[in-house]
Amino acid sequence: MLFSVLLSFGTPMPAAGVIERTLGRPAAAHFRFTDLPKRSDGLDQFTVEAKGGTVFIAGTSPVAQCRAAYEYLKEACRLQMTWSTMDVKAPSRFPDYARREVVTPFKYRHYFNICTFGYTTAWWDKARWEKEIDWMALHGINMPLALNGQDMIWRRVFEGMGLSRASVNKFFSGPAFNPWHWMGNLNAHMGPPPESWMKGQVDLQKSILKRERELGMTPVVSGFSGFVPTDFNKVFPNVKLQSPTAWAGFEPTTFVDARDPIFVEIGKRYVTEYQKEFGPVTHFLCDTFNEQDPQFPKETEIADLAECGRAVFESLHAANPDAVWVMQGWLFYNARNYWSNARADALVSKVPQDRMIILDLATTEFEVWKTQPALPKTGWIFNLLHNYGQNTALQGDLARIEQTVNRTLRDPKRGKLLGAGLTMEGIDQNPVVYELMTDLMWPSGSFDLDRWLAGYVNARYGDFSPNAQEAWRSLAKTIYSGDNAWGKASWRGRPNPNRIGQPSGDFKLLAANLRKLLADAPRFGNNPRYQRDLVDFTKTWLGGLADVQLSGALGLAKEKPAASREHRKAFFEILAMIDQVMACRPEHRLSTWINSARTWGNSRDEKDQMERNARMQVTVWGGPYLADYANKEWAGLTNDFLAARWKAFFDAQDARKVHDGAAWELKWAMTPGPIRESRPGDAVTVCTQALDRFSNLETNVAKILGVDDRPGIAVGKPVRDSGGTESGGLPKWIVDGITTGRFWAASPAPQWGEIDLEQPTKVSEVHLYPYCADERVYRYKVEGSTDGKSWTMLVDGSKNEELSSIRGYRHRFPTQEVRFVRVTMLSNSANVGVHLHEVRLFP
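Oh and the sequence shown: position 383 is 449 in our numbering, straight run, nothing missing.
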């Protein structure tokens with residue numbers, strides 16, 4: 067059987083190596099890999115078939131062969147490999163499998179967001195990276211970002227141009243914040259990194275590239291985007307420097323004028339030095355204006371943007387004639403008010419169209435390719451973003467993802483669609499979302515989401531289970547749908563007396579689904595994927611309960627202090643239980659993150675610096691706007707930071723003192739040392755205890771606070787709006803019967819939502835529930851009409867000064883018979899948008 071995994075000249079085939087590393091040598095001996103000829107269209111293809119215990123696989127690339135093996139393992143052997151659960155038990159048998167042939171429609175299957183190199187991979191070592199590359203191969207990825215090791219190259223380039231070591235060191239950020247430094251968003255934050263870290267990253271990058279090249283992948287490495295140290299003009303006093311708009315409250319960074327020949331010279335030096343160290347590469351990531359607007363004179367702006375694009379490409383091409391510029395297209399959505407079609411077209415106008423690829427970073431949400439002609443004519447990749455800050459909340463609209471992918475493939479206007487990819491800011495969350503997306507990259511026949519989900523559950527737990535299937539069908543319609551009501555929880559945010567709201571999720575339904583999963587503990591209790599799901603769904607349920615108790619503690623503080631203290635006590639008990647639940651999984655522990663960071667230090671001081679980087683990122687982050695952007699429900703972080711932060715807040719309230727929360731957070735982040743983290747426990751035992759202990763708690767915040775919770779007569783009625791609705795903030799939420807959680811979001815004010823009661827109806831009372839998690843005032847008016855044309859004022863709130871609260875704005879008026887009720891949100895004291903949870907109407 068040995069010849070089955072060897073080339074004719076005796077070299078092991080790369081795909082065989084992946085299978086051996088993941089399943090072991092005995093299992094790998096059951097696989098026979100052969101090469102298919104390359105296709106003229108450049109697309110990957112595989113065939114897979116199993117007979118008599120041998121799996122026959124042929125593919126146009128090692129990645130295609132690995133993908134074929136994974137499809138067989140999932141479907142025939144019911145075996146799944148996800149990020150934190152890659153260690154799997156090899157199948158005891160290899161069933162027969164009818165021949166399948168698949169051709170992917172995507173030349174490139176892209177992987178990573180530049181931010182992932184901060185939120186997830188910052189502390190990875192060689193072993194963890196090699197496991198990830200195996201994951202990529204099995205999931206069919208062939209175009210990963212590979213961004214490690216570049217700081218050492220940049221130091222050589224700038225020192226070679228005459229800058230001092232001290233000047234260059236001031237340029238670099240700390241390892242946890244490298245991605246934003248690489249994109250030109252910030253300099254020096256939590257840096258510079260130790261010398262040992264920089265050298266270690268070079269060695270690590272060599273290992274990464276070696277393995278990716280063995281598997282036939284096309285790594286995308288860093289290029290020059292135009293940003294230089296602030297002292298650059300001390301060595302080159304005649305160079306013209308600029309600054310784009312400041313990012314997230316940090317100091318503006320420094321950008322070389324694209325017309326100055328030194329721009330191309332710097333980029334050429336970098337690519338030359340990079341290839342000298344790491345070998346030849348063809349694809350380079352350069353992001354010039356990520357979440358920063360250029361500051362060019364209006365009269366020369368179009369020409370200046372064109373010169374920027376030209377200079378970036380020429381800086382690559384001068385050192386490598388085969389260079390391809392890869393750019394994240396996030397700027398075209400994030401700064402859509404700046405990036406008109408003319409400006410975007412200008413940026414790419416002087417770049418050969420076959421030498422540039424734009425990543426439409428969040429196609430399933432925003433479809434920038436439809437609004438920016440530069441993408442389909444230049445060449446672009448469809449991407450699923452989905453996750454921000456490696457936030458650990460459960461969410462993802464499975465149906466929307468599938469529909470958007472397949473709709474785009476059928477769209478004749480898609481232009482030069484070159485690939486599909488995953489651009490999450492952080493990995494190891496919501497694995498169902500990414501298993502779906504990678505499967506959609508390798509379509510085989512018509513797609514049925516229900517059938518796919520059933521196969522996913524079978525593979526995840528290793529066998530068919532009616533309980534698991536029923537639970538997941540429900541979860542797919544709730545958590546993993548467009549109606550997901552289990553979003554980011556209030557208890558994880560900065561303490562605020564106005565963090566009062568009703569979690570929108572169905573507590574009883576989620577608990578029932580957990581009970582169904584727990585019923586399978588005798589069968590699946592030792593399966594790490596089953597354990598992970600128990601932990602994730604239990605912490606979601608507990609997080610909702612924590613928000614309910616927090617609302618009681620805050621909302622009753624003045625009126626019923628004794629009751630408030632009882633809710634506060636329950637709140638902290640739930641947080642302690644969340645910490646225990648999360649400690650059941652190593653990937654959900656703060657200690658795992660911190661210990662990984664400390665391994666990159668060679669001395670106590672270096673280890674402490676790495677720990678401060680790790681702590682800062684998941685808490686304070688930096689600057690005035692990003693606190694909690696990357697927070698998690700991790701064990702240790704929940705007990706030692708999130709719960710402790712709320713305790714400090716409540717203690718200050720009790721003592722009638724001003725609580726300096728920002729100072730408290732910064733001290734925690736900058737102080738290395740032991741953390742209060744629950745001990746690891748058995749997931750089945752701990753999750754069962756959580757359900758048993760807290761299932762009888764009241765979940766209705768309105769009932770706890772004594773708020774009128776009558777649903778009114780508008781629930782479920784048709785709603786139309788004035789046209790300013792923002793993505794996800796649907797008008798229908800104002801009549802969904804829920805006064806907190808989801809809301810209609812529209813911008814800029816004023817905006818209106820119009821409810822059709824479907825027949826003439828007597829109305830004498832209206833309750834409006836705008837967003838209320840901070841101190842803001844909404845102004846509004848409510849009108850009624852019988853025909854939708856002539857309107858009568860019912861409520862004039864145009865001069866309202868009352869803060870928005872969970873109790874809403876309530877008004878009675880003389881009874882009117884109307885069919886249509888229009889609510890116009892006139893203004894919001896906090897920002898230009900309007901945000902309305904619910905409109906309740908009463909006879």
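The beta carbon of each residue, even a glycine, is placed where N, CA and C say it ideally should be. Just so you know, these numbers come straight off a predicted model, no measurement behind them.
T470: member of the alpha helix (DSSP H) spanning L464 to R476, first to last residue. Contact between the segment 686-695 and the segment 526-539 is not established, with fewer than three Cβ pairs separated by less than 8 angstroms. Our two residues, E841 and L869, have alpha carbons roughly 6 angstroms apart in a direct line. Assignment of T437 by DSSP, reduced to helix, strand and coil, places it in the coil class. Apart from the 5 residues on each side of it in sequence, H176 sits with its Cβ closer than 6 angstroms to the Cβ of M209, I447, G485 and G487 in its chain, given in chain order. The segment 358-434 contains, as complete beta strand (DSSP E) runs of 3+ residues, the segments 390-394 and 422-426 (chain order).
Between T544 and L580 a beta carbon distance of about 13 angstroms is seen, past the 8 angstroms cut, so the two are scored as non-contacting. K192 has its alpha-carbon roughly 18 angstroms from the corresponding atom of E653.
Non-local C-beta neighbours of N299 in its own chain, meaning closer than 7 angstroms and more than five positions away in sequence, comprise V305 and L307, ordered along the chain. Scanning its chain for C-beta atoms nearer than 6 angstroms, with the 5 sequence neighbours on each side dropped, one finds around T113 the residues A124 and E167, in chain order. Contact between M152 and K104 does not hold, since their C-beta atoms are separated by about 30 angstroms, which reaches or exceeds 8 angstroms. About 18 angstroms separates the CB atoms of Q438 and F379; that is not less than 8 angstroms, and the two are not in contact.
With respect to Q456, N550 sits apart: the two C-beta atoms are not nearer than 8 angstroms. Taking C-alpha positions only, Q131 is separated from I423 by approximately 25 angstroms. Around the beta-carbon of N766, fewer than 16 other beta-carbon atoms lie within 10 Å, marking it exposed. With 16 or more other Cβ atoms inside 10 Å of its own Cβ, D645 counts as buried. Look at A95 here: in three-state DSSP terms it is coil, with no helix or strand label. Here D602 carries a helix assignment [DSSP, helix/strand/coil]. For the pair S239 and P836, the Cα-to-Cα distance works out to about 40 angstroms. Scanning its chain for C-beta atoms nearer than 6 angstroms, with the 5 sequence neighbours on each side dropped, one finds around F329 the residues V322 and A377, in chain order.
Under the DSSP assignment, Y835 falls in the beta strand (DSSP E) whose first and last residues are Q817 to P836.
Segment contact: the segment 240-255 against the segment 354-373, three or more CB-CB distances shorter than 8 angstroms; contact assigned. Per DSSP, the continuous beta strand (DSSP E) segment holding Q111 begins and ends at Q111 to K117.
For V234, the closest alpha carbon among the candidates P241, F224 and A242 is that of F224. For E883, the pairing in a beta bridge is given by DSSP as K828.
Taken atom to atom, the span from the alpha-carbon of V801 to that of V905 is near 6 angstroms. In this structure, E677 is the residue among E677, A649 and D748 with its C-alpha nearest to the C-alpha of A735. In this structure, DSSP gives F448 an extended state, which the three-state scheme calls strand.
No residue range can be given for F530, since it is assigned to no beta strand (DSSP E) and is classified by DSSP as neither H nor E.
Between H255 and F243, the C-beta gap is smaller than 8 angstroms, which places the two residues in contact. Fully contained in the segment 237-314 are the following alpha helix (DSSP H) runs of length 4 or more, in chain order: 244-248, 261-280 and 298-301. For A701 against E731, the beta-carbon gap comes to about 19 angstroms, at or over 8 angstroms, which does not count as contact. 8 angstroms or more divides the Cβ of I770 from the Cβ of T827. Between the alpha carbons of L703 and E261 lies a distance of about 29 angstroms.
Taken in chain order, the whole beta strand (DSSP E) runs of length 3 or more contained in the segment 103-169 are 111-117, 120-125 and 163-169. Look at the beta carbons and you see the segment 329-346 touching the segment 269-282: at least three pairs across the two are nearer than 8 angstroms.
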